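S.K.:
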DNA sequence: AAGTGGTCTAGACCACGTG
DNA sequence: ACGTGGTCTAGACCACTTT
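Residue numbers (the UniProt record's numbering), protein chains in the order written: chain A, 1 to 242; chain B, 1 to 242.
(1) Under 7 angstroms between C-beta atoms, does residue 58 of chain A make it to chain B?
(2) Mapping DSSP to helix, strand and coil, what is residue 65 of chain B?
(3) Taking a contact to mean a Cβ-Cβ separation below 7 angstroms, would you say residue 142 of chain A touches residue 87 of chain A in this structure?
(4) Does the pairing of the stretch 130 to 138 of chain B with the stretch 109 to 118 of chain B give three or more beta-carbon distances under 8 angstroms?
(5) Could you tell me the boundaries of the alpha helix (DSSP H) in which residue 38 of chain A lies?
(6) I'd like to know whether the C-beta atoms of residue 244 of chain B and residue 200 of chain B end up nearer to each other than 7 angstroms.
(7) For a contact defined as C-beta to C-beta under 9 angstroms, what are the partners of residue 25 of chain B on chain A?
(8) Alpha carbon to alpha carbon, how far is residue 219 of chain A from residue 185 of chain A?
(9) Hey, out of A:150, A:237, A:231 and A:238, whose CA is closest to residue 75 of chain A's CA?
(10) Where DSSP assigns a beta bridge to residue 165 of chain B, which residues make up the other side?
(11) Is there contact here, the stretch 39 to 55 of chain B with the stretch 13 to 21 of chain B, by at least three beta-carbon pairs under 8 angstroms?
(12) Contact between the stretch 120 to 132 of chain A and the stretch 145 to 156 of chain A: three or more CB pairs below 8 angstroms?
(13) What residues match up with residue 125 of chain B in a beta bridge as DSSP calls it?
(14) Between the stretch 226 to 241 of chain B and chain A, which residues of the former have CB atoms less than 8 angstroms from a CB of the latter, in chain order?
(15) State the start and end residues of the unbroken beta strand (DSSP E) segment that holds residue 231 of chain B.
(16) If the cut is a Cβ gap below 8 angstroms, which residues of chain A does residue 76 of chain B touch?
(17) Considering only residues of the same chain and omitting the five flanking positions on each side of residue 97 of chain B, which have a CB-CB separation below 6 angstroms?
(18) In angstroms, rounded to a whole number, what distance separates the CA positions of residue 329 of chain B and residue 194 of chain A?
(19) Terminal residues of the continuous beta strand (DSSP E) containing residue 187 of chain B?
(20) Could you check how far apart the C-beta atoms of residue 43 of chain A and residue 71 of chain A are, in whole angstroms? I think they sit under 8 angstroms.
(21) Can you check whether the C-beta of residue 3 of chain A is within less than 7 angstroms of a C-beta belonging to chain B?
(22) Tell me which residue opens and which closes the alpha helix (DSSP H) that residue 203 of chain A is part of.
(23) Determine whether the Cβ of residue 187 of chain B lies closer than 7 angstroms to any Cβ atom of chain A.
(24) Rounded to whole angstroms, what's the CA-CA distance from residue 9 of chain A to residue 21 of chain A? Just pull it up for me.
(25) Residue range of the alpha helix (DSSP H) that residue 11 of chain B falls in?
(26) Please list the terminal residues of the continuous beta strand (DSSP E) segment that includes residue 223 of chain B.
(27) What first and last residue would you give for the alpha helix (DSSP H) that runs through residue 85 of chain B?
(28) Provide the residue span of the alpha helix (DSSP H) that contains residue 27 of chain A, from first to last.
(29) Would a check of beta-carbon distances place residue 157 of chain A closer than 7 angstroms to chain B?
(30) Can you name, in chain order, every residue of its own chain whose Cβ lies under 7 angstroms from the Cβ of residue 104 of chain A, other than the five neighbours on each side?
(31) Using a Cβ-Cβ cutoff of less than 7 angstroms, which residues in the same chain neighbour residue 61 of chain A once the five nearest sequence positions on both sides are dropped?
(32) Between the stretch 172 to 183 of chain B and chain A, which residues of the former have a C-beta closer than 8 angstroms to a C-beta of the latter?
(33) Between residue 205 of chain B and chain A, is any beta-carbon pair separated by less than 7 angstroms?
(34) In chain B, which residues lie with their C-beta within 8 angstroms of the C-beta of residue 55 of chain A?
(35) Under a three-way DSSP split, which group does residue 176 of chain A fall into?
(36) Closer than 6 angstroms by C-beta to residue 236 of chain B: which residues in its own chain qualify, once you throw out the five before and the five after it? Chain order, please.
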């Protein structure tokens with residue numbers, strides 16, 4: 001066992017910056033000093049500064065907005081993918097401001113992978129909705145939704161900047177039964193990264209939700225691409241009775 | 001709109017390496033060429049090579065073993081945190097080899113944060129178990145478990161290299177009722193990184209599970225530190241009847 | 001001892017965002 | 001126009017693992 005742990009320069013810098021955040025000297029959404037400024041301050045190269053910053057980013061303590069700078073990350077929001085009370089309300093219950101923006105909506109033919117997952121016949125028309133969601137005016141996720149139009153004709157004529165499930169419930173009396181959820185850490189491809197105003201290859205949490213109704217018919221599939229440091233997933237489950 | 005998307009050198013290198021993996025030229029657990037060798041091959045600096053490698057690591061396509069090299073990552077395993085059929089069996093059902101190793105087990109006083117989460121009186125004795133789990137001989141997670149000894153006296157005298165829940169069920173007739181699960185992307189601290197033979201600050205998925213029995217009494221809390229590219233979380237939930 | 005990744009220096013130019 | 005991060009070069013030394 002070593003008496004003294006050797007800690008790389010970039011980790012020491014990380015520690016000092018982390019301190020400023022934890023001690024409240026820098027608050028959520030504050031801009032950090034420029035990289036060049038930090039490199040002078042600590043008398044190290046910009047490369048090393050960036051190593052420290054990237055580390056803090058991976059931890060979720062800071063985030064960057066493409067070419068605008070580094071900022072102190074706000075607290076993660078709790079997110080329960082098994083609930084459907086509406087994103088905006090859910091987030092605002094936690095004291096944040098939330099907003100949804102519809103990027104596109106159209107009727108498309110179900111792609112092959114979707115058919116395989118849901119049992120829909122290939123080529124069946126489905127609604128495809130693309131939305132971007134903000135927390136405190138920071139774009140935090142993009143979601144792509146496929147809805148089975150069978151029981152909700154005319155869905156796209158409604159505003160989709162609100163809770164989709166509230167809409168499905170109130171206008172179409174649809175109710176989700178079982179949800180199959182999948183998620184794993186990933187990175188953002190160029191297209192989605194751009195929509196979130198971050199770098200290609202940025203760390204993310206990918207989440208997919210497939211939802212059927214009580215009769216076992218496919219209702220909705222939802223793919224969410226989250227900034228990895230924006231959320232904490234919480235879910236409460238009871239084991240199936242054997 | 002640009003006709004041609006400009007792609008950085010390191011992303012082009014990433015693409016070429018990713019191709020070798022996707023096309024099956026390199027197989028799971030194969031070692032990649034040394035960084036210096038790659039930098040010669042592509043006629044770029046080692047820095048740029050590393051940028052490509054780090055990118056692939058973030059995507060989960062490759063992993064590194066501290067100072068030993070870069071390797072093609074095997075497929076993620078599916079992991080359902082709501083089930084308790086036993087890690088080893090669960091993983092082997094998917095065609096992998098799994099192994100569990102107990103790093104330590106002891107009776108400790110419940111730390112404050114544990115009491116706050118579970119409602120246990122502070123200082124109550126609880127079993128603390130530290131385990132490391134392997135998939136195909138690659139250490140993939142470390143878990144720290146706290147068990148309420150109230151209904152399972154003598155637990156630590158058993159071998160803990162097996163399914164804990166099988167043990168609790170068979171020897172103590174304990175059955176989990178509701179589970180509260182939390183998870184989010186994080187990084188590994190120095191201690192855990194070392195136990196997984198990876199670098200400090202390595203990307204991970206943190207998962208915490210709190211489990212009570214039918215009477216609402218605290219049974220077990222489990223903290224898992226996963227290599228971020230080792231798993232895909234899958235969970236199936238039914239919404240509570242309102 | 002040799003080879004590997006891990007860290008770090010001291011620069012440079014570019015692309016984009018903001019005033 | 002200027003400041004910012006994004007990318008890249010061409011080296012160097014260190015710490016650890018493997019042979």
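Where is the CB? At the ideal position from N, CA and C, for every residue including glycine. Computed from a predicted model, the values in this text were never measured in an experiment.
M.R.: A quick look at the data gives this:
(1) yes
(2) strand
(3) no
(4) no
(5) 35 to 42
(6) Not covered by the structure: residue 244 of chain B. The range shown for chain B is 1 to 242.
(7) Ordered by position in chain A, no residue passes the 9 angstroms Cβ test against residue 25 of chain B, which lies about 22 angstroms from the chain.
(8) 26 angstroms
(9) A:231
(10) Paired residues: none, contrary to the question.
(11) yes
(12) yes
(13) B:109
(14) 228, 229, 231, 232, 233, 234, 235, 236, 237, 238 and 239
(15) 231 to 237
(16) 184
(17) 136
(18) Missing from the structure shown is residue 329 of chain B; chain B here goes from 1 to 242 and no further.
(19) 179 to 187
(20) Actually they are not in contact, since the Cβ atoms of residue 43 of chain A and residue 71 of chain A sit about 24 angstroms apart, beyond 8 angstroms.
(21) Reliability fails at residue 3 of chain A, whose pLDDT of 29 lies under 50, so the model's placement of it is uncertain and no value is given.
(22) No alpha helix (DSSP H) contains residue 203 of chain A, which is instead part of the beta strand (DSSP E) from 203 to 212.
(23) yes
(24) 19 angstroms
(25) 9 to 22
(26) 218 to 227
(27) It is not in any alpha helix (DSSP H) - residue 85 of chain B carries neither H nor E in the DSSP assignment.
(28) Counting along the chain, residue 27 of chain A falls outside any alpha helix (DSSP H), and DSSP gives it neither H nor E.
(29) no
(30) 130
(31) 18, 21 and 73
(32) 176, 177, 178, 179, 180, 181, 182 and 183
(33) yes
(34) 187 and 201
(35) coil
(36) none
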